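Following this note's numbering, the numbering of the sequence shown begins with 2 at its first residue and continues without gaps.
Below is one structure, written out as structure tokens; comments come after it.
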Amino acid sequence: MQLRYQYRAYPDSSQRGALARAFGCARVVWNDCLRARQEAHAAGLPYVRSAELSRTCITQAKRTAERSWLADVSAVVLQQSLRDLDAAYKNFFDGLRSKRQGRKVGPPRFKSKKDSRQSVRLNSNAFSLTGNGRVYVAKVGSIRVKWSRPLPARPTSVTIIKDSSDRYFLSFVVDADPDVLPETETETGIDLGLSAFAVLSDGRKVESPRFLRRAEKKLKRLQRDLSRKKKGSKNRAKARIKVARQHARVADRRRDFHHKASTQIIRDSQAVYVEDLAVSGLGRTGLAKSVHDAGWSAFVGMLKYKAVKCGRTFVKVGRFFPSSQVCSVCGFRDGPKPLHVREWACTACGAVHDRDHNAARNVLSEGRRIVAAGRAETQNASWSAGKTGTRVPAQRGEAGSPRKARAGALGPQSRGARQRRNAFRDMAVTPVN
Numbered sequence: 002m003q004l005r006y007q008y009r010a011y012p013d014s015s016q017r018g019a020l021a022r023a024f025g026c027a028r029v030v031w032n033d034c035l036r037a038r039q040e041a042h043a044a045g046l047p048y049v050r051s052a053e054l055s056r057t058c059i060t061q062a063k064r065t066a067e068r069s070w071l072a073d074v075s076a077v078v079l080q081q082s083l084r085d086l087d088a089a090y091k092n093f094f095d096g097l098r099s100k101r102q103g104r105k106v107g108p109p110r111f112k113s114k115k116d117s118r119q120s121v122r123l124n125s126n127a128f129s130l131t132g133n134g135r136v137y138v139a140k141v142g143s144i145r146v147k148w149s150r151p152l153p154a155r156p157t158s159v160t161i162i163k164d165s166s167d168r169y170f171l172s173f174v175v176d177a178d179p180d181v182l183p184e185t186e187t188e189t190g191i192d193l194g195l196s197a198f199a200v201l202s203d204g205r206k207v208e209s210p211r212f213l214r215r216a217e218k219k220l221k222r223l224q225r226d227l228s229r230k231k232k233g234s235k236n237r238a239k240a241r242i243k244v245a246r247q248h249a250r251v252a253d254r255r256r257d258f259h260h261k262a263s264t265q266i267i268r269d270s271q272a273v274y275v276e277d278l279a280v281s282g283l284g285r286t287g288l289a290k291s292v293h294d295a296g297w298s299a300f301v302g303m304l305k306y307k308a309v310k311c312g313r314t315f316v317k318v319g320r321f322f323p324s325s326q327v328c329s330v331c332g333f334r335d336g337p338k339p340l341h342v343r344e345w346a347c348t349a350c351g352a353v354h355d356r357d358h359n360a361a362r363n364v365l366s367e368g369r370r371i372v373a374a375g376r377a378e379t380q381n382a383s384w385s386a387g388k389t390g391t392r393v394p395a396q397r398g399e400a401g402s403p404r405k406a407r408a409g410a411l412g413p414q415s416r417g418a419r420q421r422r423n424a425f426r427d428m429a430v431t432p433v434n
């Protein structure tokens, strides 16, 4: 499997200039190749192949006076920029042909030098790890790196990133063997929320740190200072970096919290079941700020790739499964409830439930049923880790495609639950939340 390791880099002033040239040249090659394909499409000509673009927009362009400065950077940077454009077009075409899961992506767009994030990608021919703890990059030099942890193997590629707060990072892709943990008998269902970040099926609660809410006071002051600066001035650029750095601190704290919580859950559980939430839809409601502050998608993505890495089972329960409406004791569906109802009593058996804990137990039961039926969205990682060649090159912020609801058991397989399940099946009723 492939893993990504990211480290903070500290280039000096000359190396910053060389990286700025690399960012600019990669951007120009991307824009030139994209323009050539768009003009060919508008003229009704066939799709321009990569080999032709490499010859015209890179090799021949270096010999012209307008693009002679392309020779100042490594040729690998330019070729990788063209490959990234090909990958963007492939994702666009696969979405049109329904070959790609998730929401459809649009066609590639032009890049700007004013973009807050700049990056270039290099393969093993253009960089190497030196003996003094530095990373040599072709036509840039040996960059000082803060090694927070050792690399498990020799990296196959590296992405040099400059974020909006003028920080530099080196992101290595490494082929690593799965680190399978000893088996345990514990299985965990997780209900994600806002009042508590996560409630586990065994009753444990992970409190929500609310990093953005805690930093709002300072962010308001910094953004107010930014709005008072004259556009285009150096003071405005300094104020913008201060705002970006504060947002970066919030994002770093949230990411660190996600990593620690997900690692602990994966270590303690042999199987993890979590509800597939429609985060993009919730992000357009009045709870948008709190939803984005929680970062559910990033957390679920960490659980998924760590389950593959550690040989655990990970399953997503359909987002239309009514986890908050079903009694986890008798399986009776008690109907929808508003968000302010945090505790409720089952009208069938009289059991009193905490809303989130009950939902976590229902997610656990539904996840077990999905695995037993062989319809798990993610295959059993404890069986497939290291055997199916699962690739986890990076954490992507893609939303999962919506799953259709299925008529089936809504709770534990008690006699009453089976009767109600058969009644639903006979009536051809599809449960909705």
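All C-beta atoms, glycine included, are put in the ideal place defined by N, C-alpha and C.
Being a predicted model, the structure only gives us computed values, none of them experimental.
> Whose C-alpha, out of 235, 354, 310, is nearest the C-alpha of residue 204?
Replying inline: It is 354.
>> Let me check understanding here. Comparing Cα to Cα, which of 288, 226, 371 lies closest to residue 315?
In response: Closest option to residue 315, Cα to Cα, is 371.
>> Within 10 Å of its beta-carbon, does residue 150 have 16 or more other beta-carbons around it, so buried, or fewer, so exposed?
In response: Burial is judged here by how many other beta carbons sit within 10 angstroms of a residue's own beta carbon; residue 150 has fewer than 16 and is exposed.
> Counting Cβ pairs closer than 8 Å, one from the region 270-283 and one from the region 239-248, do we hit at least three?
Replying inline: Flag = no, the region 270-283 and the region 239-248 do not touch.
>> Using only the alpha-carbon positions, how far apart do residue 49 and residue 82 sit?
In response: Their backbone Cα atoms lie some 16 Å apart in a straight line.
>> Taking the alpha-carbon of residue 165 as reference, which of 199, 238, 258, 131 has the nearest alpha-carbon?
In response: It is 238.
> Using the C-alpha atoms, what's the distance from residue 168 back to residue 74?
Replying inline: Rounded to the nearest whole angstrom, the C-alpha separation of residue 74 and residue 168 is 21 Å.
> With 16 as the cutoff for other CB atoms within 10 Å, does residue 111 come out buried or exposed?
Replying inline: Exposed: under 16 other Cβ atoms inside 10 Å.
> Does the distance from the CB of residue 10 to the CB of residue 146 come in under 7 Å?
Replying inline: Annotated as proximal: residue 10 and residue 146, with beta-carbon spacing under 7 Å.
>> By the three-class DSSP mapping on this structure, what secondary structure does residue 345 have?
In response: In the structure shown, residue 345 sits in a strand (DSSP, three-state: E or B).
>> Between the alpha carbons of residue 12 and residue 143, how many angstroms are there, rounded?
In response: Looking at the two C-alpha atoms, the distance is approximately 8 Å.
> Span of the alpha helix (DSSP H) holding residue 368?
Replying inline: Start and end: 356-374.
> Looking at C-alpha atoms only, which residue of 358, 54, 52 is the closest neighbour of residue 207?
Replying inline: Measuring from the Cα of residue 207, the nearest candidate turns out to be 358.
> Counting along the chain, where does the beta strand (DSSP E) carrying residue 158 start and finish?
Replying inline: Counting along the chain, the unbroken beta strand (DSSP E) around residue 158 starts and ends at 156-163.
> Closest to residue 262 by CA distance: which of 130, 181, 303, 290 is it?
Replying inline: The shortest C-alpha separation from residue 262 is found at 303.
>> Whether or not the region 189-197 and the region 205-225 are in contact is what I'm after, with contact meaning three or more pairs of Cβ atoms, one per stretch, closer than 8 Å; do they touch?
In response: Under the 8 Å Cβ criterion, the region 205-225 counts as touching the region 189-197, having at least three qualifying pairs.
> With respect to the alpha helix (DSSP H) encompassing residue 243, which residues constitute its N-terminal and C-terminal limits?
Replying inline: Where residue 243 is concerned, the enclosing alpha helix (DSSP H) starts and stops at 235-269.
> Could you check where the alpha helix (DSSP H) with residue 302 kicks off and where it finishes?
Replying inline: 297-311 is the span of the alpha helix (DSSP H), which, as asked, contains residue 302.
>> To the nearest angstrom, how far is the alpha carbon of residue 102 from that of residue 275?
In response: A direct Cα-to-Cα measurement between residue 102 and residue 275 gives close to 19 Å.
> Just checking, does the region 331-343 make contact with the region 227-236 on the three C-beta pairs under 8 Å criterion?
Replying inline: Taking one beta carbon from each stretch, the region 331-343 and the region 227-236 have fewer than 3 pairs nearer than 8 Å; the two do not touch.
> Since residue 160 and residue 172 are thought to touch, with beta carbons under 8 Å apart, how far apart are those beta carbons, to the nearest angstrom?
Replying inline: About 4 Å; that satisfies the 8 Å criterion.
> Going by DSSP, which residues form a beta bridge with residue 142?
Replying inline: The partner list for residue 142 (beta bridge, DSSP) reads 138.
> For residue 381, which residues of its own chain have a beta-carbon under 6 Å away from its beta-carbon, when the five flanking residues on both sides are left out?
Replying inline: Because residue 381 carries a pLDDT of 43, less than 50, the predicted location of this residue cannot be relied on, and the following value inherits that uncertainty. Within its own chain, the residues whose Cβ lies closer than 6 Å to the Cβ of residue 381, once the five positions on either side in sequence are excluded, are 314, listed in chain order.
> Can you tell me the Cα-Cα spacing of residue 326 and residue 368, whole angstroms?
Replying inline: Computed Cα separation, rounded: 16 Å.
> Which value, in whole angstroms, describes the spacing of the CA atoms of residue 289 and residue 213?
Replying inline: Cα to Cα, residue 289 sits roughly 12 Å from residue 213.
> Using the rule of at least 16 other Cβ atoms within 10 Å of the residue's Cβ for burial, across every protein chain shown, is residue 350 buried or exposed?
Replying inline: The residue is exposed, with fewer than 16 neighbouring Cβ atoms inside 10 Å.
> Under three-state DSSP, which class holds residue 118?
Replying inline: Residue 118 carries a coil assignment under DSSP once its states are collapsed to helix, strand and coil.
>> Do residue 34 and residue 86 count as a contact pair if the criterion is CB distance below 7 Å?
In response: Contact: yes.
> DSSP state of residue 190, grouped into three classes?
Replying inline: Residue state, collapsed to three classes: strand.
> What residue range is occupied by the uninterrupted beta strand (DSSP E) comprising residue 27?
Replying inline: Residue 27 -> not in any beta strand (DSSP E); alpha helix (DSSP H) instead, spanning 14-43.
>> I'd like to check one pair, residue 329 with residue 362: are the Cβ atoms closer than 7 Å?
In response: Yes.
> Which word fits residue 127, buried or exposed, when buried means at least 16 other C-beta atoms lie within 10 angstroms of its C-beta?
Replying inline: Residue 127 is buried by the Cβ-count criterion.
> Would you report the Cα separation of residue 286 and residue 298, rounded to the nearest angstrom?
Replying inline: Taken atom to atom, the span from the alpha-carbon of residue 286 to that of residue 298 is near 17 Å.
> What whole-angstrom Cβ distance do residue 119 and residue 163 have, given they're in contact under 8 Å?
Replying inline: Yes, residue 119 and residue 163 are in contact; Cβ-Cβ is about 5 Å, under 8 Å.
>> With H, G and I counted as helix, E and B as strand and the rest as coil, what does DSSP make of residue 217?
In response: Helix, per DSSP.
>> Quick check: what's the CA-CA separation for residue 259 versus residue 137?
In response: Rounded to whole angstroms, the gap between the alpha carbons of residue 259 and residue 137 is 32 Å.
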